[in-house]
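Structure, rendered in structure tokens:
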């Protein structure tokens, strides 16, 4: 499965905008109208970067580093587009 930097950004955006601190894979997939396995794969890639973390109950949350990335400017953070 190919990495999709735009999908990774969309996942992070959904997590940041959510009123809930944790989101399940299915909820993210539904919000983005995407397949669950594709979302899970990209969540794991984001977890590799340290920007999200899977909780004990199987939901996902933004980490401190994930918030820093989303609040930073392109000069301060690592652009996901540069990873593609």
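Residue numbers (the numbering used here): 3 to 86.
Glycine included, every Cβ here is placed at the ideal spot set by N, Cα and C.
None of the values given here were measured: they were computed from a predicted structure.
In the assembly as shown, residue 44 is a buried residue. Its beta-carbon has 16 or more other beta-carbons within 10 Å. Bounds of the beta strand (DSSP E) holding residue 64 are 62-64. For residue 49, the enclosing alpha helix (DSSP H) starts and ends at 38-51. For residue 25, the beta-bridge partners assigned by DSSP are 62. Taking residue 18 as the centre and dropping the five residues before and after it, the same chain places the C-beta of 72 closer than 6 Å to its C-beta, in chain order.
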